[in-house]
Amino acid sequence: MLRAKTDVAYRYFLGLSPADELPDPSSLCVFRGRLGVEGYRGIFKEVVAQARELGLVKDRLRLKDATHVIADVAIPTALALVAQVRDRLLTAAEPFDQLRVEGERARIEMIRISGEASSKEERLAAKVTHLREILAWVDELRPPPDEEENRAWQTLLATRRLAHKVLADQENPQSPDRTRSTVDPEARRAMHGQWYDGYLLDLMMDADSELITAIDVMPANGDEGANAAELVRQEEAAHGNDIQALSMDGAGFRGSVLRDLEDPAGLGWMSTRLPAGKRR
103 MLRAKTDVAY RYFLGLSPAD ELPDPSSLCV FRGRLGVEGY RGIFKEVVAQ ARELGLVKDR
163 LRLKDATHVI ADVAIPTALA LVAQVRDRLL TAAEPFDQLR VEGERARIEM IRISGEASSK
223 EERLAAKVTH LREILAWVDE LRPPPDEEEN RAWQTLLATR RLAHKVLADQ ENPQSPDRTR
283 STVDPEARRA MHGQWYDGYL LDLMMDADSE LITAIDVMPA NGDEGANAAE LVRQEEAAHG
343 NDIQALSMDG AGFRGSVLRD LEDPAGLGWM STRLPAGKRR
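Per the working numbering, residue 103 is the first one in the sequence shown, and the count goes up by one each step.
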């Protein structure tokens with residue numbers, strides 16, 4: 103869009119005349135949001151299907167690899183994370199019990215004042231206890247008659263699940279599946295050269311055309327080796343084809359993955375695993 107403002111040739115490529123108005127960034131974002139996950143999946147499936155019809159995509163060999171995607175969020179401290187979840191839970195519960203929410207907010211200030219001289223660990227324990235007590239009565243709230251269509255209720259359910267998850271993480275601080283942020287609650291922490299918070303973008307590519315044929319997004323701590331079978335199933339279910347061979351790196355070179363990829367039709371397997379002691 104930015105290039106189309108000043109590049110006449112690019113406008114011609116887009117089918118726009120010099121006098122045509124360009125969409126503003128807000129309109130583009132709204133349109134992108136309207137598609138939703140299923141909309142993007144449908145477009146992706148159609149692109150691959152048309153490439154197959156034209157003979158560009160073949161079933162001879164798929165290349166599979168995953169890359170890391172860093173979440174665009176600031177990672178809060180444990181104290182801040184519990185407080186953020188508490189505040190979100192109260193906001194979500196307000197339409198269903200406003201009086202009780204007001205009482206809990208007054209209690210937040212009392213806990214803050216009483217804990218000013220306390221250690222960080224003591225303040226965290228107090229906030230965890232308060233969140234657990236809030237969650238106890240939120241769990242007892244009755245759903246509205248239109249619970250499936252009621253957006254406020256669905257928001258409350260999602261926030262309630264997040265609160266339960268954060269409390270469970272506090273019980274198991276060494277868990278590799280800890281929630282890292284309320285802004286992006288599905289992001290996880292893992293090592294990819296260095297520690298990062300985010301996701302793994304898992305891709306499968308046709309070796310002949312170099313077109314992506316299957317895609318999946320996992321938390322950063324996901325198992326990219328085990329996900330190979332899911333990518334194969336995803337493509338074959340969408341297009342009714344039978345992939346002949348799959349190549350991936352050493353992440354999938356283990357018995358459980360190989361057994362999951364067993365195919366009566368004879369799926370070939372090639373791993374680019376490096377010899378012992380060698381590094382990329």
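For glycine and all other residues, C-beta sits at the position ideal for the given N, C-alpha and C.
Selected residue, minimal CA-CA separation from residue i, among the options
i	options	result
Asp279	Glu273, Leu269, Arg290	Arg290
Glu312	Asp161, Pro125, Asp122	Asp161
Ala340	Thr315, Ala347, Gly327, Glu326	Thr315
Gly342	Glu224, Glu326, Glu155, Gln296	Glu155
Gly295	Ile345, Leu124, Thr169	Thr169
Glu337	Leu264, Met307, Thr257, Asp241	Met307
Leu333	Leu305, Pro246, Val139, Arg262	Leu305
Leu192	Ala111, Leu258, Ser119, Ser283	Leu258
Arg209	Gly324, Ala106, Val268, Thr231	Thr231
Those residues which DSSP pairs with residue i across a bridge
i	result
Gly300	Ile172, Arg290
Lys166	Met306, Met350
Beta carbon of residue i nearer than 8 Å to that of residue j
i	j	result
Pro286	Ala173	Residue identity check: residue 286 is Asp in the sequence provided, not Pro. In this structure, Ala173 lies closer than 8 Å to Asp286 by Cβ.
Leu243	Ala194	no
Leu302	Glu326	yes
Arg214	Ala309	no
Met350	Ala328	no
Asp241	Arg262	yes
Ala254	Pro197	yes
Val139	Gly300	no
Ala322	Ala292	yes
Lys166	Leu348	yes
Residue i: first and last residue of the uninterrupted beta strand (DSSP E) it sits in
i	result
Ala316	314 to 321
First and last residue of the uninterrupted alpha helix (DSSP H) at residue i
i	result
Arg214	200 to 216
Ile236	222 to 240
Arg282	Here Arg282 belongs to no alpha helix (DSSP H), and DSSP marks it neither H nor E.
Leu192	180 to 195
Val334	330 to 341
CB-CB length for residue i against residue j, believed under 8 Å
i	j	result
Leu116	Val184	Going by Cβ atoms, the distance from Leu116 to Val184 rounds to 49 Å, so no, they are not a contact pair.
Arg188	Ile236	7 Å
Gly217	Glu211	In fact, because the Cβ distance is near 11 Å, the residues do not count as touching under 8 Å.
Ala265	Leu233	6 Å
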